[in-house]
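>
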Amino acid sequence: MFEIWNEPKTSWPVVKSYAENVIDLIRTNSPSNIIIVGTPTYSQRVDTASLDPIAKSNIAYTLHYYAATHKGTQRSQTLTAINNGLPVFITEYGTVDHLGSGEVNVNSSNAWWDLADTNKLSYVNWGVFPSGATPPGSAAFLTGTTNLTINDPNNWTPSGQLVNQKYFSTVQYTNTFGCTQ
Numbered sequence: 018m019f020e021i022w023n024e025p026k027t028s029w030p031v032v033k034s035y036a037e038n039v040i041d042l043i044r045t046n047s048p049s050n051i052i053i054v055g056t057p058t059y060s061q062r063v064d065t066a067s068l069d070p071i072a073k074s075n076i077a078y079t080l081h082y083y084a085a086t087h088k089g090t091q092r093s094q095t096l097t098a099i100n101n102g103l104p105v106f107i108t109e110y111g112t113v114d115h116l117g118s119g120e121v122n123v124n125s126s127n128a129w130w131d132l133a134d135t136n137k138l139s140y141v142n143w144g145v146f147p148s149g150a151t152p153p154g155s156a157a158f159l160t161g162t163t164n165l166t167i168n169d170p171n172n173w174t175p176s177g178q179l180v181n182q183k184y185f186s187t188v189q190y191t192n193t194f195g196c197t198q
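Note that the working numbering numbers the sequence shown so that position 156 is 173, with each residue one more than the last.
In C-alpha cells form, the structure reads like this:
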C-alpha cells in the first residue's frame, strides 16, 4: 500500500496530474498494490476528487479530519464522495482540533465513526505518541509511557481512552475500498 502526496494544498487538477505520473512509476514495480491519493485542502476535499477521479485500478483517496474542527460540512462532503463511488480511506484523524490540541470532541468523533462504520471505511488515528510531544491533545499516551506500560489505561490520554474504547467496541471491517484489478 502506498500513500502519495500527504495533505496537498493545491487544486485537484494539479494533484491528479502529479498522482497519475507517480502511479505509473509505482506500477512498474507494484502492478496491483493499493495506492492512496491525497486530496485538496490538506486531504479534506474527497468530494472534489470524486467529480474527476483517476481512471486507474486499485486507487483510493485520502481523507483527513479532526473531530473538533471538521464537522457537518466535511461529513457532507465525504458523503458526496462516497455517493459518487469514490473509494475513501481515512489515513489520519483526530478527536481534537486540527492543530492537534484542545478538548476531545466525543460527539463529533462518534459522528465521524458512525459515518465511517456505516460506509465501511478504514480509519487510522493520529497520535500514537506520548503527550510530552507536540501537539499534546491528539496524543494517545501520557508522558512517561513506555513499551512496558503502554497497555495500562492509566497511561492513556482522554483521546487515547476514547479511541481505545471505540476500537474495542466495534466490529472491524475488511474493505478493499471499492478498488478493482
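Glycine included, every Cβ here is placed at the ideal spot set by N, Cα and C. In this text, all values refer to a predicted model and were calculated from it rather than measured experimentally.
#1: Give the single residue among Trp-129, Thr-112 and Asn-127 whose Cα lies nearest to the Cα of Ala-121.
#2: When you compare the CB positions of Gly-55 and Val-32, do they come within less than 8 angstroms of one another, or not?
#3: Where Val-13 and Val-145 are concerned, what is the direct C-alpha to C-alpha distance, given to the nearest angstrom?
#4: For the alpha helix (DSSP H) that contains Phe-185, what are its first and last residues?
#5: Buried or exposed: where does Asn-75 fall if 16 or more other Cβ atoms within 10 Å of its Cβ makes it buried?
#6: Beta strand (DSSP E) containing Leu-80: first to last residue?
#7: Three-state secondary structure (DSSP) at Glu-120?
#8: Below 8 angstroms on the Cβ atoms is my guess for Thr-95 versus Val-123; work out the distance and round it to an integer in Å.
#9: Would you tell me roughly how many angstroms separate the C-alpha atoms of Asn-101 and Thr-166, rounded to the nearest one?
#10: How is the beta strand (DSSP E) around Ile-43 delimited, first residue to last?
#11: Which stretch, first to last residue, makes up the beta strand (DSSP E) that contains Ile-53?
#12: Would you kindly work out how many angstroms separate the C-alpha atoms of His-87 and Ala-128, rounded to a whole number?
#13: I'd like the list of long-range same chain contacts for Trp-199, defined as Cβ closer than 6 angstroms, with 5 residues on each side in sequence excluded.
#14: Leaving out five residues on either side along the sequence, give the residues of the same chain with a beta carbon under 6 angstroms from the beta carbon of Lys-73.
Straight from the coordinates:
#1: The sequence given here has Val at residue 121, not Ala. Relative to the Cα of Val-121, the nearest Cα in the group Trp-129, Thr-112 and Asn-127 belongs to Thr-112.
#2: yes
#3: No statement about residue 13 is possible, as the shown extent of the chain runs from 18 to 198 and does not include it.
#4: 175 to 186
#5: buried
#6: 76 to 83
#7: coil
#8: So it is not a contact: roughly 19 angstroms between Cβ atoms.
#9: 44 angstroms
#10: From DSSP, Ile-43 is part of no beta strand (DSSP E) but of the alpha helix (DSSP H) over 29 to 44.
#11: Segment 52 to 54, the beta strand (DSSP E) holding Ile-53.
#12: 11 angstroms
#13: No information on residue 199 is available, as it lies outside the stretch 18 to 198 that the chain covers here.
#14: Ile-40
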